[in-house]
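One structure is given here, and the rest of the page talks about it.
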Amino acid sequence: MTNQIYPCLWFNGQAQAAATFYCSIFKNSKITADNQMVVTFELNGKKFMGLNAGPQFKFNEAVSFVVDCETQEEIDYYWEKLTANGGSDGQCGWLKDQFGVSWQIVPTILPKLLSDPAKAQKVIQVYMQMKKFDIEKLANA
1 MTNQIYPCLW FNGQAQAAAT FYCSIFKNSK ITADNQMVVT FELNGKKFMG
51 LNAGPQFKFN EAVSFVVDCE TQEEIDYYWE KLTANGGSDG QCGWLKDQFG
101 VSWQIVPTIL PKLLSDPAKA QKVIQVYMQM KKFDIEKLAN A
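If you count the sequence shown from 1, position 62 lands on 62 in the UniProt record's numbering, and the numbers rise without skipping.
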């Protein structure tokens, strides 16, 4: 397939601010084009487009971006950065950033823990109590 697929995010006049914010958080990221209407940027080498539009549409949890994290330090880093400046905590590893975009900050060990029939139910009970994931508590469930 030669056609690249990438998300276009509708912002209420804040596309440049959002792109700058995201590029400051994720390594290997950059703004690749910018004009008054559209800004294109890459996060960890993945292309995104931000559209400067109006207030007609708002982000919701029906679409979220997942960030896989190997360590608790990574979880803490992304959680702190993405909830800064008016973002908000959600349940079970979900959060919203200051622009209303939903993110899931997920430990890479979670699928393995959930695939263990002896542990899965306990892991679910533990993570249902969490906002930001705690790898140690999940592993010890």
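Beta carbons: idealized from backbone N, C-alpha and C, even for Gly.
Limits of the alpha helix (DSSP H) - the one that residue 115 falls within: 110-115
Extent of the continuous beta strand (DSSP E) to which residue 68 belongs: 64-69
Endpoints, beta strand (DSSP E) assigned at residue 32: 30-34
Opposing strand residues paired with residue 48 [DSSP bridges]: 41
Span of the alpha helix (DSSP H) around residue 23: 15-25
Cα-Cα separation between residue 34 and residue 41, rounded to whole angstroms: 9 Å
Those residues which DSSP pairs with residue 9 across a bridge: 50
Residue range of the beta strand (DSSP E) that includes residue 106: 102-107
Residue 123 versus residue 54: straight-line alpha-carbon distance, rounded: 42 Å
Residue 87 beta carbon less than 7 Å from that of residue 76: no
Residue 74 to residue 4 span [Cα, whole Å]: 29 Å
For residue 96, three-class secondary structure by DSSP: strand
Cα-Cα separation between residue 38 and residue 47, rounded to whole angstroms: 13 Å
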